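Structure first, commentary second.
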Amino acid sequence: GFAKHMRDALPNASFIGFTGTPIATSDKNTRAVFGDYISIYDIQQAVRDKATVPIYYESRLAQLELTPSARPTLDAEFEEATEGEEVQRKEKLKTKWAALEAIVGSEKRVRLIAKDLVEHFEKRLEAMAGKALVVCMSRRICVGLYEEIRRLRPAWHAGDDQHGAIKVIMTGSASDPVPWQDHIRSKSRREAIAKRFKNPQDPLRIVIVRDMWLTGFDVPCLHTMYVDKPMRGHGLMQAIARVNRVFKDKPGGLVVDYLGLADQLKSALADYTGSGGKGETAIDQEQAVAELLKRHEICCGLFHGFEWSKWTSGGPTQRLSLLPAAQEHILAQEDGRARLMQAVVELSKAFALAVPHPKALAIQDDVAFFQAVCAALAKKARGEERSEEDLDHAIRQIVSRAISTTDVVDIFKAAGLDKPNISILSDDFLADVRGLKHKNLAVEVLRKLLAGEIKLRSKRHLVQSRSFAELLERSIRTYQNRAIEAAQVIEELIALAKQMRDADRRGEELGLSDDEHAFYEALEVNDSAVKVLGDETLRDIARELVSTVKANTAIDWTVKESVRAKLRVLV
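Converting from the sequence shown to our numbering requires adding 117 to each position, the first position being numbered 1.
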C-alpha cells in the first residue's frame, strides 16, 4: 500500500502520522506497522480541555423476539461458524448475521423501538434542543423503523427533501424493493439533506442510517444517538464520537443502546484511551441522575426556609406572585444572586442530560421554579453586557417545554409597580419604590433603572455619566458588602435619581440644548476656566463648539482620521 511505497522511497526518513482510531486486529495493526505512539490525546483529555463534551450512555435493551423453534437453528449455525477454514468461517458468519438481522428486525421489535424512541426523544427535546441519529442493522430495518415512526407521528413525514422532521439516508439501486425507493437518493440530494441536518434551526430532527454518516460527519447540534446495530472497535468509537462535539450550552452527548453494547464499549475503551481502559468513554446515565440530584439539593439549600409548594399546585397568578418573595429571599443572602445563577446553570445542564429518567421528571417542577427565579433576577439593564452562557440560558427558558409554562416575568410588575418612563423618574414613582414591601427587590429595581439611565447619558454627557456611575457603583458595593441596610440604600439611590433629574433641568435653566449642555459640562470641569471666563462665556463657547462640529462632520466622520484631525484643530 501507500505506506510501503513511502518507506521504499525514503528508507532513512522518520515518519510522523496522526490517527484518530488506530486498528489492532489479527491481520491489521497500526502500531505493528508504524511503531509505538509518540503522544496520545484521548477522549478524557479532550473532555478536560473542553475540546469535546462528555458522552453519556443509557441502556434501553429491547428484547429480541426468539421463538423456541429458532433456538436450535442458531446454536447449530454458531457451532458451524466457529469451525473449518477461514473462508468457510466467513460464510458461516454471514449466515449467522443474516439470522440475527431477521430477529432484530422483526415487526414487533421494530414497533417497540419506534414507540420508545419517539417518546424518549420528545422528552430530550423538551429539555434541550438538538438532533438525533439512529443507527440500524440493515436497510430493511431502517425503512421499517421509518414507517413505524411515521405511523406514530404523521406530521414528521414529508415526501420531498426540503421538508419533514425525519429522513432515511442510505444507498441503493433500482432493483431494491419499491418501498425503499423513496429513501434512495443521489449524492447531491444526500448532501442537501446533510446541510439541513447541520442547521440547528432546520426542523429536520432525526436521521436514520445503516453505515452512512458514522465517520467524518460533524453535526455539533447532534446530542443523541440511538444504536440498534452490533458495533465494536474503531467503528464503534468513530460512531459515538458524532455526539461529542461542542455546541453552545450542550452539556454532553447521549448514546442510547437498544442492543447491549456495554461490553464492546469497554473493550474499545481499552484500545482508544491512553489510560488503558481505566477512564470512561461513556458515562452511565445513573451518574448523570446522581449529579442532577446533587445540583438540585444545592438549589434547594439556597431556598431553605422559603415555601414554594404553590409553584406546583397553584395557578399562573399564584406562581407569578411567588417570584417577588423568592427574589427577595435570594437577594437577602450574601452573594445570593450570583450563587443562584451559577447553581441553576449547573442544574439545567444536569437536567438536560438526565431526562427522561423518572427521577429527573419527578423534580422538573422544582427545576422550573429555580429557572424562573433565576430568569427574573437575570433580567439586565439596557446596554448591560451579558455572557454567552447567560444568553443561552435565557433563550432556553423561552423555548423549553420541559418546564411549566409561565408568563414572561416583568420585574416592575412583579414588584407591584407600573413600568416607569426611565428618563423622567418622577417623584410619584420614586415614592412607590420607597414604599415597596420587598426592600431587596426594590434595590434591584432602582439599580436597573439607574444603570440604564446612566448608560443612555454616556452617549452625550460623558462627564456627567462618569460621575453618576461612580456614585451608583459606590452605593451598590456598600449594599452588597452589607454595610448598610436595604432601606438606606434605597434612599441613597432615590437621591441619586433626583440628582440626575436635576442635572437635566440645569441645561434648560441655562438655555442650552442637550448637545450644548454636554459641551458646557466638559468645560465646567476646569474650575479655573469657570472663575476667569464665567458662565455666560462658557455658554457661548459651548454653543459655538456645537455649531462648528455640526458644520464639519459627515456621516462617517468617526472612521475618517482626516475629518477627525480637522475637528481637533477647529475645537
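We treat Cβ as the ideally placed atom computed from N, Cα and C, and that holds for glycine. Please read all numbers here as calculations on a predicted model, not as lab measurements.
Continuous beta strand (DSSP E) stretch holding residue i: start and end
{"i": "Ala-249", "result": "248-253"}
Nearest residue (CA-CA) to residue i, options the options
{"i": "Asp-483", "options": "Trp-273, Ala-455, Ala-495, Gly-418", "result": "Gly-418"}
{"i": "Thr-288", "options": "Ala-485, Asp-380, Glu-236, Met-329", "result": "Met-329"}
{"i": "Arg-307", "options": "Phe-334, Ile-160, Ser-292", "result": "Phe-334"}
{"i": "Lys-225", "options": "Ala-485, Glu-236, Ile-258", "result": "Ile-258"}
{"i": "Arg-327", "options": "Tyr-154, Cys-253, Arg-124, Tyr-174", "result": "Cys-253"}
{"i": "Leu-382", "options": "Ile-325, Ile-230, Ser-176, Ser-292", "result": "Ser-176"}
{"i": "Trp-425", "options": "Arg-412, His-413, Leu-440", "result": "Leu-440"}
{"i": "Arg-362", "options": "Leu-262, His-413, Leu-234, Ala-168", "result": "Ala-168"}
{"i": "Asp-345", "options": "Leu-376, Phe-151, Thr-332, Ala-489", "result": "Leu-376"}
{"i": "Lys-365", "options": "Leu-437, Ala-231, Ala-246", "result": "Ala-246"}
{"i": "Val-221", "options": "Ala-179, Phe-420, Asp-233", "result": "Ala-179"}
{"i": "Ala-495", "options": "Gly-453, Pro-473, His-474", "result": "Gly-453"}
{"i": "Trp-428", "options": "Gly-422, Ser-438, His-421", "result": "Ser-438"}
{"i": "Pro-294", "options": "Val-260, Thr-136, Leu-234", "result": "Val-260"}
{"i": "Ala-275", "options": "Ile-323, Glu-243, Leu-229, Ser-255", "result": "Ile-323"}
{"i": "Gly-370", "options": "Tyr-174, Ala-219, Val-285", "result": "Tyr-174"}
{"i": "Ser-255", "options": "Met-348, Leu-229, Asp-278", "result": "Met-348"}
{"i": "Leu-470", "options": "His-237, Ile-310, Ile-266", "result": "His-237"}
{"i": "Ile-310", "options": "Val-164, Val-285, Glu-218", "result": "Val-285"}
{"i": "Ile-741", "options": "Val-251, Asp-278, Asp-277", "result": "Absent from the model: residue 741. The displayed extent of the chain is 118 to 688, so no value can be given."}
{"i": "Lys-304", "options": "Asp-278, Ala-282, Pro-296", "result": "Asp-278"}
Local Cβ density within 10 Å of residue i, reported as buried at 16 or more and exposed below that
{"i": "His-122", "result": "exposed"}
{"i": "Pro-128", "result": "exposed"}
{"i": "Met-134", "result": "Here residue 134 is Gly; the residue named in the question, Met, does not match the sequence. Flag for Gly-134 reads exposed."}
{"i": "Arg-499", "result": "Reliability of the predicted coordinates at Arg-499 is poor, the pLDDT of 39 falling under 50, and the value obtained from them is presented with this limitation in mind. That one is exposed."}
{"i": "Thr-522", "result": "Interpretation of Thr-522 is limited by its pLDDT of 32, a score under 50 that renders its predicted location unreliable; no figure is taken from the coordinates."}
{"i": "Gln-318", "result": "exposed"}
{"i": "Lys-497", "result": "For Lys-497, the pLDDT reaches just 42, beneath the cut-off of 50, and the residue's location in the model is therefore unreliable, although a value from the coordinates is still provided. Per the 10 Å Cβ criterion, exposed."}
{"i": "Tyr-158", "result": "exposed"}
{"i": "Thr-665", "result": "exposed"}
{"i": "Val-642", "result": "At Val-642 the pLDDT is 49, less than 50, meaning the model places this residue with poor confidence; the figure from the coordinates comes in the next sentence. That one is exposed."}
{"i": "His-510", "result": "In this prediction, His-510 has a pLDDT of 46, which is less than 50 and means its spatial position is unreliable; nothing more can be read from the coordinates."}
{"i": "Phe-314", "result": "buried"}
{"i": "Ser-517", "result": "Low local confidence applies: a pLDDT of 37 at Ser-517 is under 50, so the model's placement there is unreliable, with the coordinate-based value given in what follows. Answer is buried; the Cβ neighbour count reaches 16."}
{"i": "Ser-131", "result": "exposed"}
{"i": "Arg-503", "result": "Unreliable positioning characterises Arg-503 in this predicted model, as indicated by a pLDDT of 44, which lies under 50. The coordinate reading is nonetheless provided below. The residue is exposed, with fewer than 16 neighbouring Cβ atoms inside 10 Å."}
{"i": "Ala-485", "result": "buried"}
{"i": "Pro-171", "result": "buried"}
{"i": "Ser-465", "result": "buried"}
{"i": "Asp-144", "result": "Because the pLDDT at Asp-144 is just 48, under 50, the model does not fix this residue reliably, and the value given afterwards should be weighed accordingly. Exposed."}
{"i": "Ala-126", "result": "exposed"}
{"i": "Arg-268", "result": "exposed"}
{"i": "Glu-239", "result": "exposed"}
{"i": "Asp-374", "result": "buried"}
{"i": "Lys-367", "result": "buried"}
{"i": "Ala-291", "result": "exposed"}
{"i": "Phe-487", "result": "buried"}
{"i": "His-280", "result": "exposed"}
{"i": "Thr-341", "result": "buried"}
{"i": "His-421", "result": "exposed"}
{"i": "Asp-154", "result": "It should be noted that the sequence gives Tyr, not Asp, for residue 154. Exposed is the call here."}
{"i": "Gln-444", "result": "buried"}
{"i": "Gly-137", "result": "exposed"}
{"i": "Gln-298", "result": "exposed"}
Residue(s) in a DSSP beta bridge with residue i
{"i": "Val-326", "result": "Val-252, Ile-286"}
{"i": "Thr-138", "result": "Its beta-bridge partners do not exist; DSSP assigns none."}
Boundaries (first-last residue) of the alpha helix (DSSP H) holding residue i
{"i": "Leu-234", "result": "224-244"}
{"i": "Lys-167", "result": "Note, Lys-167: premise wrong, no alpha helix (DSSP H); not H, not E."}
{"i": "Thr-429", "result": "427-430"}
{"i": "Gly-422", "result": "It is not in any alpha helix (DSSP H) - Gly-422 carries neither H nor E in the DSSP assignment."}
{"i": "Ser-131", "result": "Note, Ser-131: premise wrong, no alpha helix (DSSP H); not H, not E."}
{"i": "Asp-483", "result": "481-495"}
List, from N- to C-terminal side, the beta strand (DSSP E) runs of 3 residues or more that fit wholly inside the segment 335-393. Here the runs fully enclosed are 339-345, 370-374.
Fully enclosed by the segment 261-313, which beta strand (DSSP E) runs are 3 residues long or longer? Entirely contained in the segment 261-313, the beta strand (DSSP E) runs reaching 3 residues are, in chain order, 283-286.
Report the residue ranges of all alpha helix (DSSP H) runs contained in full by the segment 440-476; include only those spanning at least 4 residues, in chain order. Listed in chain order, the complete alpha helix (DSSP H) runs (minimum 4 residues) inside the segment 440-476 are 453-471.
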